[in-house]
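Data first, discussion second: the structure below is written as structure tokens.
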Amino acid sequence: MRRRKPWTVKKRRPRPRKTASNNTNAAAPPKRIRKPPAPKDEKTPLITEFFKVRRSGRKTKKQLKRETELEIHQKVLNETNEPLLEIFTEKVKGRGIKTTVPFEKGDFVVEYKGKYFCFANNCMFLYGTDMKKKQCGDLVEHTKAKEMEEQYSKNEDIGSYMFFFEYLAKKWCVDATSETPYKGRLVNHSKLRPNLKARAISIDGAVHLILVAKSRIEIGEELLYDYGDRSSEVTSVNTWLLTS
């Protein structure tokens with residue numbers, strides 16, 4: 001019987017390590033060629049050179065509000081809307097004002113022009129109808145102005161056109177009793193269906209009382225605003241202030 005040889009593990013010879021001497025004849029890897037840097041004076045084109053910058057044409061609320069205010073100031077100073085209004089006469093109320101053009105809500109319609117009195121520290125400063133401070137009038141107390149209004153109301157041929165209001169923490173009064181060509185003084189009262197409201201503004205340091213559209217006003221519509229006087233002294237004599 002044939003005998004098997006004993007199992008033996010064949011050892012592998014270690015591979016020789018690569019040394020510099022061994023790689024002398026090996027092919028060297030190709031060198032990476034770098035591009036030379038661009039000259040300093042050569043500018044890289046920007047994307048804006050190929051595409052126009054699109055700027056937004058929208059205006060902020062603040063810008064729109066400022067533009068509207070400036071437009072109103074110009075119309076007030078130039079009396080732009082005076083030719084757009086016409087005077088008519090009614091049997092009951094007398095003279096009134098109608099519009100020949102439509103107005104949108106918030107539009108300036110007309111100025112309530114007259115002599116301006118400012119009551120500060122129990123004295124009165126007088127402004128002319130041209131809205132420039134001409135002179136300081138006689139010192140008149142607020143109660144004196146009320147007496148003037150009462151005297152006006154006693155004369156049916158004249159009537160009272162004094163408008164009292166507060167602005168910048170001061171009491172003001174516009175006396176439009178004297179006959180002038182300005183049509184704001186002829187706008188009639190209505191508590192039930194006013195289409196105008198009064199608003200005080202300042203232009204170059206001078207106070208102006210203007211009437212703006214409370215709602216849309218159509219062509220031929222009468223201009224009306226609420227005088228706002230609810231005192232028993234006035235309404236007892238002028239009951240139409242509550243019913244018209």
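Okay, so the sequence shown: first residue is 1 according to full-length UniProt numbering, each after it adds one. Think of the CB as a built atom: it goes at the ideal place given N, C-alpha and C, for glycine as much as any other residue. Since the model is a prediction, treat every value here as computed from it, not as a measurement.
Cβ atoms of residue 102 and residue 210 stay farther apart than 8 Å, at about 18 Å. Rounded to the nearest whole angstrom, the CA to CA distance from residue 173 to residue 214 is 22 Å. Residue 175 counts as buried, since at least 16 other C-beta atoms from the protein chains shown sit within 10 angstroms of its C-beta. Secondary structure within the UniProt domain "SET" (83-228): the beta strand (DSSP E) runs of 3 or more consecutive residues, fully enclosed, are 85-90, 94-99, 108-111, 115-120, 123-127, 162-167, 170-175, 196-203 and 206-213 (chain order). In this structure, the beta-carbon distance from residue 223 to residue 196 falls below 8 Å. Remark: fewer than three beta-carbon pairs, one from each stretch, lie closer than 8 Å, so the stretch 186-205 and the stretch 148-156 are not flagged as touching. In the displayed model, residue 81 falls within coil according to three-state DSSP, outside both helix and strand. Short of 8 Å from the beta carbon of residue 81, and not among the five residues preceding or following it, lie these beta carbons of its own chain, in chain order: 75, 108, 109 and 110. Around the beta carbon of residue 188, 16 or more other beta carbons lie within 10 angstroms, which makes this residue buried. Secondary structure at residue 59: coil, using DSSP grouped into helix, strand and coil.
Counting the other CB atoms within 10 Å of its CB gives residue 114 a total of 16 or more, which places it among the buried residues.
Distance from the CA of residue 31 to the CA of residue 15, rounded to the nearest whole angstrom, comes to 29 Å.
In the three-state reduction of the DSSP assignment, residue 35 falls in the coil class.
A direct Cα-to-Cα measurement between residue 62 and residue 160 gives close to 39 Å.
Taking all protein chains in view, the Cβ of residue 190 is crowded by 16 or more other Cβ atoms within 10 Å, so the residue is classified as buried. Residue state for residue 15 is assigned as coil, using DSSP reduced to three classes.
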